[in-house]
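Asks: In case it helps, this note's numbering puts the sequence shown at residues 8 to 608.
Would you mind keeping the following structure in view while I ask a few things?
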Amino acid sequence: TDPALIRNFCIIAHIDHGKSTLADRMLQLTGVVEQRQMRAQYLDRMDIERERGITIKSQAVRLPWAPGEGEEKGKTHILNMIDTPGHVDFTYEVSRSLAACEGCILLVDAAQGIEAQTLANLYLAMEHDLTIIPVLNKIDLPAAQPEKFAAELAHLIGCDPSEVLKVSAKTGEGVEALLDEVVRQVPAPVGEADAPARAMIFDSVYDAYRGVVTYVKVVDGRLSKRERIQMMSTGAAHELLEIGTNSPEMLPADGLSVGEVGYLITGVKDVRQSKVGDTITQFSKGATEPLGGYKDPKPMVFSGLYPLDGSDYPELRDALDKLQLNDAALVYEPETSAALGFGFRVGFLGLLHLEVIRERLEREFGLDLIATAPNVVYRVEMEDGTEHVVTNPSEYPTGKVAQVHEPVVRATVLTPGDFVGAVMELCQSRRGNLQGMDYLSEDRVELRYTLPLAEIVFDFFDALKSKTRGYASLDYEPTGEQTADLVKVDILLHGDKVDAFSAIVHKDKAYAYGVRMASKLRELIPRQQFEVPIQAAIGARVIARETVRAIRKDVLAKCYGGDISRKRKLLEKQKEGKKRMKVVGRVEVPQEAFIAALSSD
Ligand code: GDP
Ligand code: MG
């Protein structure tokens, strides 16, 4: 295809503002999906995405479009629509998808207005110098306020309110005109046709039948079927078994040239061999300079995952191996917990990533799991000059600590003006530092904070929502690390440390944490035949204490002799209950107590 006829664009939006629905309408209007095959959110292929209405892996589809109006009227163009993941955990993938585009549609719900992800994505799009087409969606809603939000959006990106397009992805109103605008406004890709090939990988998906399917944009030169290609970050060479475009099903071709977007298959079985952000070139006489921007995905949040039933350990390992084929950001290694047995320490990009993986393990692989409270990665410098990277709080070094470093994020909170005080209070209580504040309009305020990642991974989002009656939105990205006054708090049952409950917390919060955990556990742990002290401690210093009183638990006494079958039933029930107990030292702790103690409230 002549690059002059290609338009590469993506849709960026806050969650639920209608990106997937708009993509559906575009598939329909351009005729690539027939009416009767159409189902809602055609491109969101994973079950969890569909149920939660979120897009995790991006996809690219090729849409032929001949504008009905304007200079290019009647000339068929190729629009490559690249669907980006919409969540903060996947910022790096969003950024790679944007790098494959020349323009973007900034989609905003006409009943909601601008939200935090709208801004975060807009900033990313501006960093990539994309042409931005502002669009209000859902104008069919009675609650829509298109004039008000068009003004807000125009103010934000510095255009005239009349340039903000208005569509309904649901009814299709305005979508054809939007496709025409994509052709008119988005620049055609530029690249050197005669140079050695350089293609950027913006997505990489594992398929059980075909192995890894890699999505690329060819920036320079041409990639052809059957030639040998090379991954520039590792030097690994592969044969190009198949190359083609998505319309939206895979359609093989002879090759892809400058500006084209499509997929390729080399037969590799693991996405880590075909990494998002990497550059592909020819094996012989290839390019010497990779395209910029490649980064290894870095896990930010860790949690211990343990099978509820210890004999499921091999299944858990197999399931993680399988998921990793499709997820280069997922890392794990075996670990043993005195309290929970054999399991894995698993690293995630963020909390949503964690939830998605956990849900897939439980749903697709039928595993019942206990997950320890998520924690961030700490870098601990010791006075003797050694350094430890701590991903499991129970492995916090003993000895003399010189300094602890924790990861921090730059957070953007958008809130109606009435809640500015509440938001500030919350951020302050989470050790946040206000970096700036802007009024986007009379009743919409943007607050920028740096916050320790540890303070927001757990329940920050819920707290923010409840303090602002659901009106505030949040986005954040990692920006580095800071030193902090952190300590490790241990929980002891009957004098034995429960490793799964150890946590690294700020010194000022250690006491409150200890008290909360001790009293929570007192409620959760059933009485035993002896008294069970519960203690929270920093090193050897006890900071909180509770006691579970002893009881002689003679359930049979309730049976008044007589009824033998009833007695037997009770005994069996008690035995069953025992099976689901974990024994810590001398204390029997029900599984449910672990789960409840590790949950966030
Ligand atoms: P995404 O999270 O940005 O992909 O949003 P979705 O496309 O999943 O849409 C979120 C919700 O808004 C769904 O329930 C859609 O049916 C609904 N929706 C999307 N576009 C429109 C629209 O133009 N009008 C109305 N009334 N609802 C819409
Ligand atoms: Mg979606």
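Every residue gets a Cβ at the ideal spot worked out from N, C-alpha and C, and that includes glycine.
Bear in mind the structure is a predicted one, so any value in this text is a computation, not a measurement.
Given that a residue counts as buried once 16 or more other Cβ atoms are within 10 Å of its Cβ, and exposed if not, what is MET133?
Replies: By the 10 Å Cβ count, MET133 comes out exposed.
Asks: Return yes when the Cβ of GLY165 is within less than 8 Å of the Cβ of LEU172, no when it is not.
Replies: Not in contact: LEU172 and GLY165 (Cβ atoms no closer than 8 Å).
Asks: Across which residues does DSSP place GLY487 in a beta bridge pair?
Replies: Per DSSP, VAL415.
Asks: Measuring CB atoms only, is the segment 320-329 touching the segment 267-275, in the sense that at least three cross pairs come out at less than 8 Å?
Replies: The segment 320-329 is not in contact with the segment 267-275.
Asks: Sorted by chain position, which residues of the same chain lie with C-beta nearer than 7 Å to HIS501's C-beta, five sequence neighbours on each side aside?
Replies: Cβ within range, chain order: VAL539, PRO540, GLY592, ARG593, VAL594.
Asks: Which of the three DSSP states is assigned to CYS108 in this structure?
Replies: Of the three classes helix, strand and coil, the one that applies to CYS108 here is coil, per DSSP.
Asks: Do LYS173 and the ligand ZN come close, with the Cβ less than 7 Å from some heavy atom?
Replies: Within the structure as shown, the ligand ZN is missing, the only ligands being the ligand GDP and the ligand MG.
Asks: How many Å lie between ARG14 and GLU109 at the Cα?
Replies: So the two alpha carbons sit approximately 7 Å from each other.
Asks: Assuming GLN152 is part of the alpha helix (DSSP H), what are its boundary residues?
Replies: Unbroken run through GLN152: none, as it is neither H nor E.
Asks: Nearer than 7 Å: is that true of the beta carbon of ALA123 relative to any heavy atom of the ligand GDP?
Replies: No.
Asks: Within the same chain, show all residues whose beta-carbon is closer than 6 Å to that of GLU249, passing over the 5 residues directly before and after it, in chain order.
Replies: Closer than 6 Å at the Cβ level, and outside the excluded window around GLU249, lie PRO259, ILE272.
Asks: What residue from PRO168, HIS162, THR178 has the CA that sits closest to LEU36's CA?
Replies: Nearest C-alpha to LEU36: THR178.
Asks: Taking only three categories from DSSP, how would you classify CYS166?
Replies: CYS166 falls in the coil class under three-state DSSP.
Asks: How about ALA20 and LEU481: do their beta carbons lie closer than 8 Å?
Replies: No, the pair does not count as a contact, with Cβ atoms beyond the cut-off.
Asks: Near GLU462, which residues of its chain fall below 6 Å by C-beta distance, leaving aside the five closest residues on each side in sequence?
Replies: Excluding positions up to five away in sequence, the list reads ARG437, ARG438.
Asks: Run through DSSP, which three-state label would PHE309 get?
Replies: Looking at PHE309 - three-state DSSP - the assignment turns out to be strand.
Asks: Is any heavy atom in the ligand GDP found nearer than 7 Å to the beta carbon of GLY181?
Replies: The answer is no for GLY181.
Asks: Which whole-angstrom value is the C-beta distance of LYS589 and LEU347, which I expect to be below 8 Å?
Replies: Contact holds; Cβ gap of about 7 Å.
Asks: Leaving out the 5 sequence neighbours to the left and right, which residues in its chain are closer than 8 Å to LEU12 when beta-carbon positions are compared?
Replies: Only LYS82, THR83, HIS84, ILE85, ALA195 meet the Cβ criterion.
Asks: Got a sec, what are the start and stop residues for the alpha helix (DSSP H) PHE290 sits in?
Replies: Taken as a continuous stretch (DSSP letters only), PHE290 belongs to no alpha helix (DSSP H), as it is neither H nor E.
Asks: Excluding the five sequence neighbours on either side, which residues of its own chain have a C-beta within less than 7 Å of the C-beta of GLY317, listed in chain order?
Replies: Cβ within range, chain order: GLY348, PHE349.
Asks: Answer yes or no: do THR613 and GLN410 have a C-beta to C-beta separation smaller than 8 Å?
Replies: Lying before the first or after the last residue shown, residue 613 is absent from the chain, which here runs from 8 to 608.
Asks: Please report the straight-line C-alpha distance between TYR403 and HIS513, rounded to a whole angstrom.
Replies: Between TYR403 and HIS513, the C-alpha separation is close to 14 Å.
Asks: CB-CB under 8 Å to GLU76, same chain, minus the five flanking residues each way: which ones, in chain order?
Replies: Cβ neighbours of GLU76 beyond the five flanking positions: ALA184, ASP187.
Asks: Residue range of the alpha helix (DSSP H) that GLY428 falls in?
Replies: Where GLY428 is concerned, the enclosing alpha helix (DSSP H) stretches over 427-436.
Asks: Drop a sphere of 10 angstroms on the beta-carbon of GLU613, count the other beta-carbons inside from all chains shown, and report buried for 16 or more, exposed for fewer.
Replies: Since the displayed the chain opens at 8 and closes at 608, residue 613 lies outside it and no answer follows.
Asks: Please confirm whether any heavy atom of the ligand GDP lies closer than 7 Å to the CB of ILE22.
Replies: Correct: ILE22 has its Cβ closer than 7 Å to the ligand GDP.
Asks: If you check the beta carbons only, do SER509 and PRO381 fall under 8 Å apart?
Replies: Cβ distance not < 8 Å, so SER509 and PRO381 don't count as in contact.
Asks: Measure from the alpha carbon of LEU447 to the alpha carbon of each residue in THR419, GLU340, GLN435, ASN440, then state which is nearest.
Replies: Ranking the options by Cα distance to LEU447, first place goes to THR419.
Asks: For GLN535, which three-state DSSP category applies?
Replies: If DSSP states are grouped into helix, strand and coil, GLN535 belongs with coil.
Asks: If we count the other Cβ atoms within 10 Å of its Cβ and call it buried at 16 or more, is ILE63 buried or exposed?
Replies: Because the pLDDT at ILE63 is just 43, under 50, the model does not fix this residue reliably, and the value given afterwards should be weighed accordingly. Looking at its Cβ environment, which holds 16 or more other Cβ atoms inside 10 Å, ILE63 is buried.
Asks: Assess contact between the segment 239-247 and the segment 329-348, defined as three or more Cβ pairs (one per stretch) separated by less than 8 Å. Is contact present?
Replies: Result no; under three Cβ-Cβ pairs closer than 8 Å.
Asks: Within the present structure, is the beta-carbon of THR91 separated from the nearest heavy atom of the ligand GDP by less than 7 Å?
Replies: No, the ligand GDP has no heavy atom inside 7 Å of this Cβ.
Asks: Just mark GLN119 as buried or exposed, buried being the case when its beta carbon has 16 or more other beta carbons within 10 Å.
Replies: Answer is buried; the Cβ neighbour count reaches 16.
Asks: On the DSSP letters alone, give me the boundaries of the beta strand (DSSP E) that ILE85 sits inside.
Replies: Where ILE85 is concerned, the enclosing beta strand (DSSP E) stretches over 84-90.
Asks: Here's the rule I'm using: 16 or more other beta-carbon atoms within 10 Å means buried, otherwise exposed. How should GLN435 be labelled?
Replies: Exposed: under 16 other Cβ atoms inside 10 Å.
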